[in-house]
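Novice: Sequential numbering from -2 applies to the sequence shown in this note's numbering.
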Amino acid sequence: MMSHQKSGQITLFLILVALLSITAVLLYSSGSLTIPSSFFHQSEPDPVKAYVQQCVQSGFSDAISEVMFQGGHYGVFTNSMAQGPEEDTDTAYYLHKGELFVPQSPDIERELEQGALDAISACQDLSGYPYRIDYSTSAPKATVSIADGVVELRASPGITVRSQESSTLMGDILISAPSSLGQLLGIARDMASRQQQDGAVLCLSCILDISEQKGISIQVEETDTPTGKILLYSLEDPLAAAEDASLSDDVRTALPRNAFRFAHFIAWPEEGQQ
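1) Helix, strand or coil for Glu106? Go by DSSP, reduced to three states.
2) Would the beta-carbon of Gly168 fall within 8 Å of that of Ile143?
3) List the endpoints of the continuous alpha helix (DSSP H) containing Gln216.
4) What is the DSSP secondary structure of Ser202, reduced to helix, strand or coil?
5) Pick helix, strand or coil for Val99, following the three-state DSSP scheme.
6) Give every residue of the same chain whose Cβ lies closer than 6 Å to the Cβ of Trp265, excluding the five residues on either side of it in the sequence, and list them in chain order.
7) Near Glu110, what residues of its chain come up, given a Cβ to Cβ distance below 6 Å and the 5 sequence neighbours on each side ignored?
8) For Ile117, which of Pro223, Val49, Ala174, Leu236 has the nearest alpha-carbon?
9) Specify the secondary structure class of Asp169 as computed by DSSP and reduced to three states.
10) What number of angstroms, rounded off, separates the C-alpha of Thr134 from the C-alpha of Tyr128?
11) Tell me where the alpha helix (DSSP H) around Ala60 begins and ends.
See the structure below:
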């Protein structure tokens, strides 16, 4: 008796659920029932992260340009080349490493990581947003890799955005910046190796051969110092050259901003060895 009564109750319950479901569908389709938008999860772009990403990307692009212009040293202004490679600690990277130095990719990646961290620090003023912003007690992190035609950045800004409804830790920022940096590093190493074989004589054939093979403009300046000669090379960035094609010749300087620079230092031969 009890089992029949219980079975009947279950059947009645299922019928009621079915009727309610059908009624809800009919009302919704007729427009009589409105479901609040908050009922559904909506994925909307985070305005804070969008701002931080754009800000960091701009600062990171500036760091790439500066590293190329300084020949692999971020955040240092070039002093007079005539001072020589050992007389000024603030001289550019390409004059800072002795007789022959072309930066390796890991060296420049570390420089660019510092540039990315500086960009994150400069982008942390978020007072204009109606959120509570918390910053991680641990330092932001940045990892840079130089690939063919691109420089990639993965950065963790360590920012938490809090509102009345939620608390969100900002995820990693991923940036892929088109750049000829990797290609120009390889060309610089090739040129430096060939120049080393020619000794104190400027390797003009190296410049002509590589310029034709790679399709880039190469400029060189010679500067004598008390201890030797500095050959300063400037390799034009092919990506930037395409962008600057519309500029007049008088706008572009002898050592354009969009270039990768490196140097070869040749010591004067000692007396009796000439």
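Heads up, the beta-carbon is just placed ideally off N, CA and C, and yes, glycines get one too.
Specialist: Taking the structure as given:
1) Taking the sequence shown and counting its residues from 1, one reaches residue 106 at position 109. Helix.
2) The sequence position of residue 168 within the sequence shown is 171, counting from 1. The sequence position of residue 143 within the sequence shown is 146, counting from 1. No, Cβ-Cβ distance for Gly168 and Ile143 is not below 8 Å.
3) Your numbering for residue 216 matches position 219 in the sequence shown. Looking at the DSSP string, Gln216 is not in any alpha helix (DSSP H); the run it does join, the beta strand (DSSP E), is 215 to 222.
4) For the purposes of this step, residue 202 is taken as residue 205 along the sequence shown, with counting starting at 1. Helix, per DSSP.
5) By 1-based counting over the sequence shown, the position of residue 99 is 102. Here Val99 sits in coil by DSSP.
6) To locate residue 265, count along the sequence shown from 1; it is residue 268. Gly225.
7) Translated into positions along the sequence shown, residue 110 becomes position 113. So the qualifying residues of the chain are Ala139, Val141.
8) Mapped onto the sequence shown, residue 117 falls at position 120. It is Val49.
9) Residue mapping note: residue 169 aligns to position 172 of the sequence shown, counting from 1. Coil at Asp169, not helix or strand.
10) By 1-based counting over the sequence shown, the position of residue 134 is 137. By 1-based counting over the sequence shown, the position of residue 128 is 131. For Thr134 and Tyr128, the distance between alpha carbons rounds to 19 Å.
11) Locating residue 60 in the sequence shown gives position 63, where the first residue counts as 1. That run of the alpha helix (DSSP H) goes 44 to 66.
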